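Throughout the sequence shown, residue numbering follows this note's numbering, covering 1 to 72 in sequence.
Note that CB positions come from ideal geometry on N, CA and C, so glycine has one too.
None of these values were measured; they are calculated from a predicted model.
Following: one structure in structure tokens, then a few remarks.
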Amino acid sequence: MIHDTTDLIFFGLVGLPIMLAFALMPFETVKRYHNTRGWAVPSYRTVVIVRTMAVIIAGETAISALRYLTGL
């Protein structure tokens, strides 16, 4: 939860775009990224779980930022 301006800058300006990038990244990009590094490619199910968590975290961060900015 965002409590002050430092939290807003860190979570809102840094964390939120990173979470959205994870949430919107296509599965083929994930596979290519893992293959180029010699890592095991995660299953599609694992990618969907990570995407879902990223969307939840991004949503909570956005709601918390709006509540902080509006004073609710």
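State the DSSP-derived secondary structure class of residue i, mapped to helix, strand or coil.
i: leucine 72; result: coil
i: methionine 19; result: helix
i: alanine 54; result: helix
i: arginine 45; result: helix
i: aspartate 4; result: coil
Please return the same chain residues whose Cβ sits closer than 8 Å to the Cβ of residue i, not counting the five positions on each side in sequence.
i: alanine 23; result: Arg51, Ala54, Val55, Ala58
i: alanine 40; result: His34
Roughly how many whole angstroms lie between the Cα atoms of residue i and residue j?
i: glycine 71; j: glycine 15; result: 21 Å
i: leucine 69; j: isoleucine 63; result: 10 Å
i: valine 47; j: methionine 25; result: 9 Å
Which residues in the same chain as residue i place their Cβ atom closer than 6 Å to its Cβ, once the five residues preceding and following it in sequence are excluded?
i: methionine 19; result: Ala54, Ile57, Ala58
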